[in-house]
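Undergrad: Quick one: this structure, given as structure tokens, is what I'll be asking you about.
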Amino acid sequence: MTPAGPVLSLRGVTKSFPLADGGALQVLDVEHLELPGAGCTVIKGRSGSGKTTLLNLIAGVSAPTGGTIVVHGTEITALPEARRDRFRAERIGYVFQTFNLLPAFSALENVVLAMMFARTVPRREQRPRARAILGRLGLGARLGHTPGQLSRGEQQRVAIARALANDPPLILADEPCASLDAATAREVLAVLLAVCREAAKTLLVVSHDEAVLGAGDRLLDMATINARAEAAG
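If you use the numbering used here, the sequence shown corresponds to residues 925 to 1157, in order.
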């Protein structure tokens, strides 16, 4: 059961990267950020404003230099790396800009592998669930195709299916339309929004694409969220 309160809460979150001269470059300084329940929030910002860094911290892909991040009542900044990885697999879906699909595996296998790692879906239900999600995304006839045999739009749909595989309450999407042509981007964005709204997911999208900015229920500006936006990368 999802705890009451905000789905996501960041307080005093900073992120710095070491420099060759022994100093550090601070790229994020987020005093406070909260997301309510189901709905789509879009964070806009120019390239280099720290959007991907922010998502990676929320997903537990990397750890902040300081501050706390709470996702569904769990303070992920207090978890060891292995436990953060498990929590992300079980509770957070991540749609990467570059898809991050395994090239040697089929569309179906890419989605099933996400379930095998999280172990939240019984093994006997994994392949039927993967087929159903891919079918919902219009890929029912492409289950056996590897990423190299799929168009870029189809690859992004597989990435969305993988993010949904374990039924996570929170979905993160990093510039989900940046690698797509305009027509394909509209189709993929519509599918992503539709499946998240149907399942009452919380969707957080970061983008500088005008087509994406008007699609959410809530629009935030990275320059407002991040006190170090001008220095971020």
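All C-beta atoms in this analysis are idealised placements derived from N, C-alpha and C, irrespective of residue type, glycine included.
Can you list, in chain order, the residues of its chain whose CB lies under 7 Å from that of His-1132, leaving out five sequence neighbours each side?
TA: Against the sequence shown, residue 1132 aligns to sequence position 208. Cβ neighbours of His-1132 beyond the five flanking positions: Lys-968, Gly-969, Arg-970 and Ser-971.
Undergrad: Let me confirm a value: Gln-1050 is counted as buried when at least 16 other C-beta atoms fall within 10 Å, else exposed. Which label applies?
TA: The residue you call residue 1050 lines up with position 126 of the sequence shown. Looking at its Cβ environment, which holds 16 or more other Cβ atoms inside 10 Å, Gln-1050 is buried.
Undergrad: With H, G and I counted as helix, E and B as strand and the rest as coil, what does DSSP make of Ala-1097?
TA: For the purposes of this step, residue 1097 is identified with residue 173 of the sequence shown, where counting begins at 1. In the three-state scheme derived from DSSP, where H, G and I count as helix and E and B as strand, Ala-1097 is classed as strand.
Undergrad: With DSSP run on the structure shown, which of helix, strand or coil describes Arg-1142?
TA: Working through the sequence shown from its first residue, we reach residue 1142 at position 218. Reduced to three states, the DSSP call for Arg-1142 is strand.
Undergrad: Give me the Cα-Cα distance between Thr-1022 and Arg-1010, rounded to the nearest whole angstrom.
TA: Position 98 of the sequence shown, counted from the first residue, corresponds to residue 1022. Position 86 of the sequence shown, counted from the first residue, corresponds to residue 1010. Their Cα atoms are separated by approximately 22 Å.
Undergrad: Is it buried or exposed for Gln-1073, if we count other Cβ within 10 angstroms and need 16 for buried?
TA: Here residue 1073 refers to the residue found at position 149 when the sequence shown is read from its first residue. Classification for Gln-1073: exposed.
Undergrad: Put Asp-1009 into one of helix, strand or coil per three-state DSSP.
TA: For the purposes of this step, residue 1009 is taken as residue 85 along the sequence shown, with counting starting at 1. Here Asp-1009 sits in helix by DSSP.
Undergrad: Classify Val-985 as helix, strand or coil using the three-state DSSP reduction.
TA: As a first step, residue 985 is located in the sequence shown; it is residue number 61 there, counting from the start. Val-985 falls in the coil class under three-state DSSP.
Undergrad: Counting only runs that start and end within the segment 1067-1134, where is the beta strand (DSSP E) found for 3 or more residues in a row?
TA: 1094-1098 and 1126-1131
Undergrad: Here's the rule: buried if 16 or more other CB atoms are within 10 angstroms of the residue's CB, otherwise exposed. What is Leu-978?
TA: Indexing the sequence shown from 1 puts residue 978 at position 54. Result: buried.
Undergrad: Between Arg-1053 and Gln-1080, what straight-line distance do the alpha-carbon atoms span, to the nearest angstrom?
TA: Locating residue 1053 in the sequence shown gives position 129, where the first residue counts as 1. Locating residue 1080 in the sequence shown gives position 156, where the first residue counts as 1. Roughly 18 Å separates the two Cα atoms.
Undergrad: In its own chain, which residues sit with a C-beta less than 7 Å from the C-beta of Arg-1015, not counting the 5 before and 5 after it?
TA: Locating residue 1015 in the sequence shown gives position 91, counting from the first residue. Within its own chain, the residues whose Cβ lies closer than 7 Å to the Cβ of Arg-1015, once the five positions on either side in sequence are excluded, are Val-995, His-996, Pro-1092, Pro-1093 and Leu-1094, listed in chain order.
Undergrad: Name the DSSP bridge partner or partners of Ser-933?
TA: Residue mapping note: residue 933 aligns to position 9 of the sequence shown, counting from 1. The partner list for Ser-933 (beta bridge, DSSP) reads Glu-958 and Val-994.
Undergrad: At a cut of 8 Å, does the segment 1108-1122 reach the segment 945-959 through at least three beta carbon pairs?
TA: no
Undergrad: Under three-state DSSP, which class holds Phe-941?
TA: The residue labelled residue 941 in the question sits at position 17 within the sequence shown. In the structure shown, Phe-941 sits in a strand (DSSP, three-state: E or B).
Undergrad: Alpha carbons only, please: which of Ala-1087, Ala-1107 and Arg-1076 is nearest the one belonging to Ile-1057?
TA: Position 133 of the sequence shown, counted from the first residue, corresponds to residue 1057. With respect to the C-alpha of Ile-1057, the residue from Ala-1087, Ala-1107 and Arg-1076 having the closest C-alpha is Ala-1087.
Undergrad: Using alpha carbons as the reference points, say which of Ala-1147, Phe-1029, Leu-1061 and Val-1019 lies closest to Ser-1103.
TA: Here residue 1103 refers to the residue found at position 179 when the sequence shown is read from its first residue. Of Ala-1147, Phe-1029, Leu-1061 and Val-1019, the residue nearest in Cα terms is Val-1019.
Undergrad: Can you find the residues in the same chain that come closer than 7 Å, C-beta to C-beta, to Leu-1067, ignoring five residues on each side of it along the sequence?
TA: Position 143 of the sequence shown, counted from the first residue, corresponds to residue 1067. Excluding residues within five positions, the ones whose Cβ falls inside 7 Å are Ser-1030, Ala-1031, Leu-1032, Arg-1055 and Leu-1058.
Undergrad: Give me, in chain order, the residues of the same chain whose beta-carbon lies closer than 7 Å to that of Arg-1043; leave out the 5 immediate sequence neighbours on both sides.
TA: Within the sequence shown, numbered from 1, the residue matching residue 1043 stands at position 119. Hits under 7 Å: none found.
Undergrad: To the nearest angstrom, how far is the alpha carbon of Gly-974 from that of Ile-1149?
TA: Position 50 of the sequence shown, counted from the first residue, corresponds to residue 974. Position 225 of the sequence shown, counted from the first residue, corresponds to residue 1149. Each residue's alpha carbon lies about 10 Å from the other.
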